[in-house]
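>
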Amino acid sequence: MHSLPEGYRALVIGASGAIGSALQQQLQGDPRCALALGVSRQSTPGLDLLSEASIANCAKAVAAQGPFHLVLDATGALTVNGRGPEKRLDELDAAHLLATLQLNAVGPGLLLKHFVPLLAPGQRVIWGKLSARVGSIEDNRKGGWYGYRAAKAALNMLLQTAAIEVARRRPMAVVVALQPGTVQSALSQPFVGDDALRPDEAARRLLVALDALQPAGRAQFVDHQGQNIPW
Numbered sequence: 275m276h277s278l279p280e281g282y283r284a285l286v287i288g289a290s291g292a293i294g295s296a297l298q299q300q301l302q303g304d305p306r307c308a309l310a311l312g313v314s315r316q317s318t319p320g321l322d323l324l325s326e327a328s329i330a331n332c333a334k335a336v337a338a339q340g341p342f343h344l345v346l347d348a349t350g351a352l353t354v355n356g357r358g359p360e361k362r363l364d365e366l367d368a369a370h371l372l373a374t375l376q377l378n379a380v381g382p383g384l385l386l387k388h389f390v391p392l393l394a395p396g397q398r399v400i401w402g403k404l405s406a407r408v409g410s411i412e413d414n415r416k417g418g419w420y421g422y423r424a425a426k427a428a429l430n431m432l433l434q435t436a437a438i439e440v441a442r443r444r445p446m447a448v449v450v451a452l453q454p455g456t457v458q459s460a461l462s463q464p465f466v467g468d469d470a471l472r473p474d475e476a477a478r479r480l481l482v483a484l485d486a487l488q489p490a491g492r493a494q495f496v497d498h499q500g501q502n503i504p505w
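Per this note's numbering, the very first residue in the sequence shown carries number 275; after that it's consecutive.
1. Is G421 near E360, with beta carbons less than 9 angstroms apart?
2. Specify the secondary structure class of L278 as computed by DSSP and reduced to three states.
3. Keeping to the same chain, check which residues put their C-beta closer than 8 angstroms to that of L297; ignore five residues upstream and five downstream.
4. So what does N502 bridge to, in DSSP terms?
5. In the DSSP assignment, what are the bridge partners of R357?
6. Which runs of the alpha helix (DSSP H), 4 residues or longer, sit entirely within the segment 289-354?
7. Measuring alpha carbon to alpha carbon, tell me which of V390, L404, A394 ends up nearest R378.
8. Can you give the beta carbon distance from L429 to G455, rounded, assuming they're within the 8 angstroms contact cut?
9. Are the CB atoms of I329 and H388 within a distance shorter than 9 angstroms?
10. Hey, could you find the ends of the beta strand (DSSP E) L363 is sitting in?
11. Which first and last residues belong to the alpha helix (DSSP H) in which L433 is found?
12. Do the segment 309-316 and the segment 488-502 meet, that is, are 3 or more Cβ pairs less than 8 angstroms apart?
13. Just the C-alpha distance for Q434 and T318, rounded to the nearest angstrom, thanks.
14. Using 8 angstroms for Cβ pairs, my map puts A425 next to H343. What's the rounded Cβ distance?
15. May I ask which residues mark the beginning and end of the beta strand (DSSP E) holding L476?
16. Whole angstroms are fine: how far does the CA of G396 sit from the CA of Q376?
17. For R407, which residues in the same chain have their Cβ closer than 8 angstroms to its Cβ, ignoring the five residues on either side in sequence?
18. Checking 9 angstroms against the spacing of the C-beta atoms, do L324 and G417 come in under that value?
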């Protein structure tokens, strides 16, 4: 990460997942990175995305190890409470929709609330959140996956709105929704083929893409190759 200050400090939220773990490992191997801290459900303190109290407690616990120049939110799930994405309208269920939104949009929104204050002031900082191309309203060409699409679209709006506010106090901040590509992971295993990216390759590509982005005063939506995705 050559665009960040020498000795930059990084935080990976959701570091127990395939991509989160790969991101943390890549950052730990960067000699310019002074700290690559990971938090997850398995960390101490643990992070429960469905509990704002847990999120606030985790932010308070890691604050002393900041401020951070790079925060990567790698949380999210395709399968919620044992149920995968809906393919047809007749599969819609209110409880499942709400659970999907809670995990993939509300939780990450609360992460913004509690962790953005830990970003370093007066320096280039990056907030990167794993999103998904299926969250693009304009790019939706196949339909299906109702709850997951809606949750990622809601997430993207939360990121966009937060980015405008963040830029007022941290004009050098980059806030970005990231499409990691199709990656081999427990999250995607039921839905992908053999051509999926290895997590380490996806992580490398994402960090390269982040390194090249410039502050825009608003959020950006890019894929693992650094190409813009329509909102």
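The C-beta atom is built at its ideal place from N, Cα and C for all residues, glycine as well.
To lay it out plainly:
1. The residue given as residue 421 occupies position 147 in the sequence shown. The residue given as residue 360 occupies position 86 in the sequence shown. Their beta carbons are under 9 angstroms apart, which means G421 touches E360 by this criterion.
2. Position 4 of the sequence shown, counting from 1, holds the residue named residue 278. Secondary structure at L278: coil, using DSSP grouped into helix, strand and coil.
3. Locating residue 297 in the sequence shown gives position 23, counting from the first residue. Same-chain partners within the cutoff: V286, A289, L346, A348, A477, L480, L481.
4. On the sequence shown, residue 502 is found 228 positions in, with the first residue counted as 1. According to DSSP, which records beta bridges pairwise, N502 is partnered with V496.
5. Reading the sequence shown from its first residue, position 83 is the one you call residue 357. R357 is bridged to V354.
6. 292-302, 326-336
7. Within the sequence shown, numbered from 1, the residue matching residue 378 stands at position 104. Strictly speaking, residue 378 in this sequence is Asn, with Arg absent from that position. Checked all of V390, L404, A394; the closest Cα to N378 is L404.
8. Indexing the sequence shown from 1 puts residue 429 at position 155. Indexing the sequence shown from 1 puts residue 455 at position 181. The Cβ separation is near 18 angstroms, so there is no contact.
9. Translated into the one-based positions of the sequence shown, residue 388 becomes position 114. Translated into the one-based positions of the sequence shown, residue 329 becomes position 55. In this structure, H388 lies near I329, with their beta-carbon atoms less than 9 angstroms apart.
10. Along the sequence shown, read from residue 1 onward, the residue named residue 363 stands at position 89. No beta strand (DSSP E) holds L363; DSSP gives it neither H nor E.
11. Numbered from its first residue, the sequence shown carries residue 433 at position 159. Note, L433: alpha helix (DSSP H), 420-443.
12. no
13. Residue 434 sits at position 160 when you count from the first residue of the sequence shown. Residue 318 sits at position 44 when you count from the first residue of the sequence shown. Roughly 30 angstroms separates the two Cα atoms.
14. Position 151 of the sequence shown, counting from 1, holds the residue named residue 425. Position 69 of the sequence shown, counting from 1, holds the residue named residue 343. Incorrect: roughly 28 angstroms between the Cβ atoms, too far for contact.
15. Position 202 of the sequence shown, counted from the start, is the residue given in the question as residue 476. Note on identity: in this sequence residue 476 is Ala, with Leu being the wrong assignment. Here A476 belongs to no beta strand (DSSP E); instead the alpha helix (DSSP H) covers 473-486.
16. For the purposes of this step, residue 376 is taken as the residue at position 102 of the sequence shown. For the purposes of this step, residue 396 is taken as the residue at position 122 of the sequence shown. Their backbone Cα atoms lie some 33 angstroms apart in a straight line.
17. For the purposes of this step, residue 407 is taken as the residue at position 133 of the sequence shown. Closer than 8 angstroms at the Cβ level, and outside the excluded window around R407, lie D413, Q453, D497, I503.
18. One-based indexing of the sequence shown puts residue 324 at position 50. One-based indexing of the sequence shown puts residue 417 at position 143. Going by C-beta atoms, L324 is not nearer than 9 angstroms to G417.
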